[in-house]
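Residue numbers (the working numbering), protein chains in the order written: chain A, 14 to 223; chain B, 14 to 223; chain C, 1054 to 1386; chain D, 1054 to 1386.
Note that beta-carbon positions come from the ideal geometry of N, C-alpha and C, so glycine has one too.
If you're wondering where the values come from, they're calculated on a predicted model, not measured in any experiment.
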Amino acid sequence: MVLDAAWAVKWLNLCAEAMAEHRVELIELDRAIGDSDHGENMDRGFQAVVAKLGEGTPETPGAALKLTAMTLMSKVGGAAGPLYGTAFLRAATSLGDSAEIDPGAWAEALAAARDGIVARGKAEPGDKTMVDAWTPAVDAARAAADGGSADVLAVLVAAAEAAEAGAVATDPLVARKGRASYLGERSAGHRDPGAASSALILRAAVGAAA
Amino acid sequence: MVLDAAWAVKWLNLCAEAMAEHRVELIELDRAIGDSDHGENMDRGFQAVVAKLGEGTPETPGAALKLTAMTLMSKVGGAAGPLYGTAFLRAATSLGDSAEIDPGAWAEALAAARDGIVARGKAEPGDKTMVDAWTPAVDAARAAADGGSADVLAVLVAAAEAAEAGAVATDPLVARKGRASYLGERSAGHRDPGAASSALILRAAVGAAA
Amino acid sequence: MKKLINDPKSVVAESVQGFGLAHADLVTVTEDPMYITRKDAPVSGKVGLVSGGGSGHEPLHAGYVGKGMLDAAVPGAVFTSPTPDQILPATLAVNSGAGVVHIVKNYTGDVLNFETAAELAEAEGVSVRTVLVNDDVAVEDSLYTAGRRGVGGTVLVEKIAGAAAERGDDLDGVASIGERVNANVRTMGVALSACTVPHAGQSSFDLADDEIEIGIGIHGEPGRHRIPLENADGITDRLLEPVLADLDIGSGDKVLLFVNGMGGTPQSELYIVYRRAVQVLKDKGATVERSLVGNYITALEMQGCSISVLRLDDELTELWDAPVHTAALRWGA
Amino acid sequence: MKKLINDPKSVVAESVQGFGLAHADLVTVTEDPMYITRKDAPVSGKVGLVSGGGSGHEPLHAGYVGKGMLDAAVPGAVFTSPTPDQILPATLAVNSGAGVVHIVKNYTGDVLNFETAAELAEAEGVSVRTVLVNDDVAVEDSLYTAGRRGVGGTVLVEKIAGAAAERGDDLDGVASIGERVNANVRTMGVALSACTVPHAGQSSFDLADDEIEIGIGIHGEPGRHRIPLENADGITDRLLEPVLADLDIGSGDKVLLFVNGMGGTPQSELYIVYRRAVQVLKDKGATVERSLVGNYITALEMQGCSISVLRLDDELTELWDAPVHTAALRWGA
Ligand SMILES: Nc1ncnc2c1ncn2[C@@H]1O[C@H](COP(=O)(O)OP(=O)(O)O)[C@@H](O)[C@H]1O
Ligand SMILES: Nc1ncnc2c1ncn2[C@@H]1O[C@H](COP(=O)(O)OP(=O)(O)O)[C@@H](O)[C@H]1O
Ligand SMILES: [Mg+2]
Ligand SMILES: [Mg+2]
Ligand SMILES: [Mg+2]
Ligand SMILES: [Mg+2]
């Protein structure tokens, strides 16, 4: 298994499938502590990515992610649009024009994505945002990739599992960033929608490599 | 038992009690085929009548009914206000300034009231309006008063019973006048609120004489 | 029942008081008996315009008191027409000697109460003409009913007759302009939900989650029939069809299109209905020359809308465009 | 879910199309990417004003495009801020060379998307200043949150900054007037019912028949806390108290009082709230110099209201009074 342009395209298509499948669930999560649009936004965004990918296959993973970044930026809106847009853009930049991604490069691309989200949104871990999915994912990917010899699938799986655990761990938190923060203590007891969609994205990366 | 000014005042006070007691029921009837205000309107109107009567006792039944007419006219509004206003005014006129009402005079006062309602509202019997309570009441009162020797209480009872039966008989009718007529066939199966309040008024007349 | 009110019995009084405070530059509120007059009433030499009816249809009628529209509005209890002892002093207050036009929506209660007030005013030497508004095509067989109701068209009658009065038309002239508007406007409404009359405390009718009422009026009364929920274009077609048929609108006609919200429907939805209505009129060859979209004659918080079409001629268009300065409608002044 | 719509996905597009048709004399609608500009944009020599945000708050923002207010409005999906690829062309379209002010409600999404658009516009040589509106006192501890939300005050910022632009203030001047308004306005809202986002198809929160949400925003999100239903005066006191405290309103202050409906509340109820608010302000020794009562910034069909108080000075009053001609706000023009 190599992480090449074909994998990236498959990944992004699986993201779109995941968003369509979990659209209602993400809307429900956002309904509880936000404004009921996250699932709709993500679904709309990734459908647009699929449409874009249909117009011509990118030559490198980086190109695929850049196209995704630009599309999400222009189709998602809300907080998630610019945050995911920046994440995919920074990841694309980190990958450069390499045709294949090795485990270490992937871990660094994830770190760049996370740093982009933090740079735009100024959230810290524990603020109950998507950062709470990305940060453990970056740590897990780096740990799995450590030494450079690791299996790329193992890195993807480690990131996905950590993101999922990170999303679950947002449940008890009181939000300090994003729309949920207006609820104060009432935001506790609900999962952050952006953390949930982040976990779906990183799980799709596994699916594309499987 | 004589129908004098004291009886009239007692009657009007009992009308107010009846409207307060049946306020919700009349609202419910009007809700089904009208605009939910009949009980509120009648209650407001007769409370105002009670307040007026409290300012000074009328000397004749006719004076009591005229005061009632003017008060209902200025406090009830809607269709019922002018219709009941006219009814009480015509009844007052018919009674003139006699201090006591005999059975025949009472039957004629009821007839004058009914004619006033018809003159203002142009409804015919069977149109599902208060006319359907008043018309049988007039007929029954006249029949009971016939010969001039009848017991006045019997006349009041006959009118009340006929009005009640008339109100019940509006249930299956399709309205052709008033707000319920907009419903067409959908007005069938409901009692006319104005017929119901008319029956309450004529029943109160019995109570005042009992 | 959830409402921003203090007591069902004081809803109208407190609301009108608030209205008077907010628009003290435009109107004077008289509290007992209650009516609202134009600040500068009576306007010398001008025919006075008085309208009124049950409350709960805001901004109708108080919102239309001011230059170029009504001289007085007379609010009754919620959904209950006002009484002659309110209508009479309002009529006297706005009579400058040129007479007064009563604009009356065709409901038994409104007709009877205004009729009495007009008689009393005439007895005091004031000439009164009555313009009866009955634009609701939902009322079929109007021979066997109380007749067609006055609904959305009322706003247009008040605006256009108001402009005629403002330009100096005499009593018969103002009344006949009002009648011409009424003769050329038709309306049909739909409810997606009922409303709750404060003193009743209960929804005016019960409607399932997938049903709508076609042919409703503005008093929370049920309509002519109940159908399954349709999309906005379907509902628009259904409302417009009898309106256009009754007016016989066809190629070359110029119209004013009025999409009115019943109080609880977001503006965005009204524009979706408006969009479709324009398409339909265009397909018929008619031109939408003027438009009005918003909550102008309501039934408390009811969800739904009505569509009114007014056939325009040059004079009606000119009068529509004439300056108006009221709380709810304002342009050119 | 019962709405006058065709398809949740086309709500915004169809509604804006309808708006464009109804107000073709005032605005131009560009459909892809979607934004609405003032008919005569760019106005030579004038600073351009652009605002935008999620849809569902109508008449905000499109209803405020026109002379004396906004040059462009950029609508996102319902409750979703628009994207830079909409905001950028709108910004370019209204730039006459004098630069453009972005009026942005303080939500993470709005801030980020406008920020990106401003960067891109600067890269194309257009000077952009951003006025962030954050008037919602319901957000406590704003250091530990995304900060206070932009709510009712937005309408006042848009009107007054729009008047400053119209009178010829330069870019920094217009921005600083906008900031002055924002610094002097505070708002607090209440919901009696939730709203239903079309694509969600479900009520945004569940509220018992005897409960209300205090401190809501304009996105159907729950508020800070839930309390048993109170009467209108009680609710008004509860909303006003933190507003006046935060602004430190006292004797001698002159204010603009803005009672805003959330979309599903009848006007009559807003005037009941307004009436009480005037009493409270009077008791504090403040004078209500200007008023606005109606549905000006909404959350779809939500029932409830917000109260905004703006401390006025002579210049702000003059700019408030300056002519404005938009679909939703009009006077003097
Ligand atoms: N400042 C922030 N930093 C990181 N993530 C954020 C921030 N603000 C919001 N988010 C994420 O965005 C998600 C909400 O996205 P979405 O619902 O699409 O946008 P909006 O809040 O504008 O409606 C939240 O669940 C959270 O994960
Ligand atoms: N034309 C009419 N003739 C006789 N009675 C009428 C007529 N129109 C209405 N009514 C009576 O008035 C009653 C309704 O009164 P009410 O609800 O107080 O007034 P509104 O219909 O104006 O709301 C009806 O139930 C009916 O009995
Ligand atoms: Mg959201
Ligand atoms: Mg009634
Ligand atoms: Mg009534
Ligand atoms: Mg959103």
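Less than 7 Å between CB atoms is the rule here; does residue i satisfy it with respect to chain C?
i: Ala1174 (chain D); result: no
i: Ile40 (chain B); result: yes
i: Tyr1327 (chain D); result: yes
i: Asp1286 (chain D); result: yes
i: Ser1068 (chain D); result: yes
i: Phe1072 (chain D); result: yes
i: Lys141 (chain B); result: no
i: Leu1297 (chain D); result: no
Take residue i as the anchor and find which of the options has the nearest alpha-carbon.
i: Leu42 (chain A); options: A:Phe101, A:Ala208, A:Ala217; result: A:Ala208
i: Leu1165 (chain C); options: C:Asp1194, C:Gly1150, C:Pro1135; result: C:Pro1135
i: Ala173 (chain A); options: A:Ile214, A:Ser200, A:Ala201; result: A:Ile214
i: Glu1268 (chain C); options: C:Asp1299, C:Gly1305, C:Asp1189, C:Thr1370; result: It is Gly, not Glu, that sits at residue 1268 (chain C) in the sequence shown. With distances taken between Cα atoms, Gly1268 (chain C) lies closest to C:Asp1189.
i: Ala104 (chain A); options: A:Lys141, A:Asp159, A:Ala118, A:Glu30; result: A:Ala118
i: His1278 (chain C); options: C:Ala1285, C:Asn1313, C:Arg1291; result: C:Arg1291
i: Asp50 (chain A); options: D:Asp1060, D:Pro1251, D:Val1096; result: D:Pro1251
i: Ala182 (chain A); options: A:Ala158, A:Arg155, A:Met143; result: A:Met143
i: Asn1235 (chain C); options: C:Gln1255, C:Ala1253, C:Val1204; result: C:Val1204
i: Lys1307 (chain D); options: D:Val1238, D:Ala1247, D:Gly1347; result: D:Val1238
i: Ala1191 (chain D); options: A:Leu186, A:Ala223, A:Gly197; result: A:Gly197
i: Pro95 (chain B); options: B:Ala201, B:Leu169, B:Gly129, B:Asn26; result: B:Gly129
i: Gly1121 (chain C); options: C:Ala1218, C:Arg1343, C:Ala1339; result: C:Ala1218
i: Ala112 (chain A); options: A:Glu137, A:Leu16, A:Val37; result: A:Leu16
i: Ser87 (chain A); options: A:Asn54, A:Gly67, A:Val165, A:Ala158; result: A:Asn54
I think residue i touches residue j, with their Cβ atoms under 8 Å apart; what is that distance to the nearest whole Å?
i: Gly179 (chain A); j: Ala150 (chain A); result: 7 Å
i: Ala1381 (chain C); j: Tyr1088 (chain C); result: With 8 Å as the limit, Ala1381 (chain C) and Tyr1088 (chain C) do not qualify as a contact, their Cβ atoms being about 17 Å apart.
i: Val1100 (chain C); j: Ala1151 (chain C); result: 5 Å
i: Asp205 (chain B); j: Ala217 (chain B); result: That pair is no contact at about 18 Å.
i: Val1153 (chain C); j: Val1103 (chain C); result: 6 Å
i: Thr1161 (chain D); j: Gly134 (chain A); result: 7 Å
i: Pro1095 (chain C); j: Ala1115 (chain C); result: That pair is no contact at about 18 Å.
Starting from residue i, trace the beta strand (DSSP E) both ways and give me its first and last residue.
i: Thr1240 (chain D); result: 1238–1244
i: Asn1038 (chain C); result: Because chain C here runs from 1054 to 1386, residue 1038 (chain C) falls outside it and cannot be looked at.
i: Lys65 (chain A); result: Lys65 (chain A) -> not in any beta strand (DSSP E); alpha helix (DSSP H) instead, spanning 51–67.
i: Val15 (chain A); result: Taken as a continuous stretch (DSSP letters only), Val15 (chain A) belongs to no beta strand (DSSP E), as it is neither H nor E.
i: Phe1258 (chain D); result: Counting along the chain, Phe1258 (chain D) falls outside any beta strand (DSSP E), and DSSP gives it neither H nor E.
i: Tyr1088 (chain D); result: 1087–1091
i: Thr1340 (chain D); result: 1340–1347
i: Cys1295 (chain C); result: Sequence inspection shows Pro at residue 1295 (chain C); the Cys mentioned does not correspond to that position. Note, Pro1295 (chain C): premise wrong, no beta strand (DSSP E); alpha helix (DSSP H) at 1285–1300.
Please report whether the beta-carbon of residue i lies at a distance below 7 Å from any beta-carbon of chain A.
i: Gly1162 (chain D); result: yes
i: His1110 (chain D); result: no
Compare the C-beta of residue i against all C-beta atoms of chain D and say whether one is closer than 7 Å.
i: Pro95 (chain A); result: yes
Would you say residue i reaches chain B, if we count a Cβ-Cβ gap shorter than 7 Å as a contact?
i: Glu1264 (chain C); result: no
i: Leu1113 (chain C); result: no
i: Asp1367 (chain C); result: no
If you follow the alpha helix (DSSP H) that residue i is part of, which residue opens it and which one closes it?
i: Leu80 (chain A); result: 74–88
i: Pro1319 (chain D); result: Segment: none, Pro1319 (chain D) is in no alpha helix (DSSP H) and carries neither H nor E.
i: Val1127 (chain D); result: Counting along the chain, Val1127 (chain D) falls outside any alpha helix (DSSP H), though it belongs to the beta strand (DSSP E) covering 1125–1131.
i: Asn1313 (chain C); result: First-last for Asn1313 (chain C): 1307–1314, but that is the beta strand (DSSP E), not the alpha helix (DSSP H).
Next on the checklist: By the 7 Å beta-carbon criterion, what residues does the stretch 1076–1089 of chain C contribute toward chain D?
Outcome noted: none
Checklist entry - Got a sec: which bits of the stretch 1265–1279 of chain D sit with their beta carbon under 7 Å from any beta carbon on chain A, in order along the chain? => result Gly1270, His1272, Gly1273, Glu1274, Pro1275, Arg1277
Next on the checklist: Output needed in chain order: residues of the stretch 1309–1325 of chain C with a Cβ under 7 Å from some Cβ in chain B.
Outcome noted: none
Item to check | Near-chain B residues of the stretch 1329–1352 of chain C - C-beta to any C-beta below 7 Å | outcome: none
Checklist entry - What are the residues of the stretch 187–201 of chain A that lie near chain D, defined by any Cβ-Cβ distance shorter than 7 Å? => result Arg189, Lys190, Gly191, Arg192, Ser194, Tyr195, Leu196, Gly197, Arg199
Next on the checklist: To be precise: take each residue of the stretch 1230–1256 of chain C, compare its Cβ to all Cβ atoms of chain B, and keep it if any distance is under 8 Å. Which residues remain?
Outcome noted: Val1250, His1252, Ala1253, Gln1255
Item to check | Interfacial residues, the stretch 1117–1146 of chain C to chain G, with Cβ spacing under 9 Å | outcome: As a matter of chain content, chain G is missing from the structure shown, whose protein chains are A, B, C and D.
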